[in-house]
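As structure tokens, the structure follows; a few thoughts come after it.
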Amino acid sequence: MRVSKAWQMIEDWYAANAPNGLPGLREGATAHDIRNAERDLGIEFPDEVRQSYELHNGSKNAVFPYGYYLLSLEEIVDEREVWCNL
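Numbering (this note's numbering), first residue to last: 132 to 217.
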């Protein structure tokens, strides 16, 4: 399944069942944002991860069951820094 198709299924479900969750999804990241995160992390994301972040750069709040949310690229870089400095 393609990333865009998977996200469309998620968005469709939210629209039908929990429309208040949709505004919590952030706009997509730019190619520049993705390259910067890859540089800061010292890795290259798989294509599917890039595609997902191009659609939604994380979420603003808990949009998934049990309070889970998606980290933005900036939050990923920040979290890595925290864990590396423990």
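Just so you know, even glycine gets a beta-carbon here, dropped at the ideal spot from N, CA and C. Please read all numbers here as calculations on a predicted model, not as lab measurements.
Selection from the options that minimises the alpha carbon distance to residue i
i: residue 133; options: 179, 216, 144; result: 179
i: residue 189; options: 177, 165, 174; result: 165
i: residue 160; options: 168, 154, 153; result: 168
i: residue 156; options: 198, 216, 193, 206; result: 193
i: residue 162; options: 199, 151, 175; result: 175
i: residue 141; options: 196, 215, 177; result: 196
Other residues of its chain near residue i: CB distance less than 8 Å, five sequence neighbours each side excluded
i: residue 202; result: 189, 210
Cβ neighbours of residue i in the same chain (closer than 7 Å, five flanking residues each side left out)
i: residue 181; result: 165
Whole-angstrom C-beta distance between residue j and residue i, which should lie under 8 Å
i: residue 171; j: residue 208; result: 5 Å
i: residue 187; j: residue 144; result: Not really, about 14 Å apart at Cβ, beyond 8 Å.
i: residue 184; j: residue 204; result: 6 Å
Residue(s) in a DSSP beta bridge with residue i
i: residue 156; result: 190
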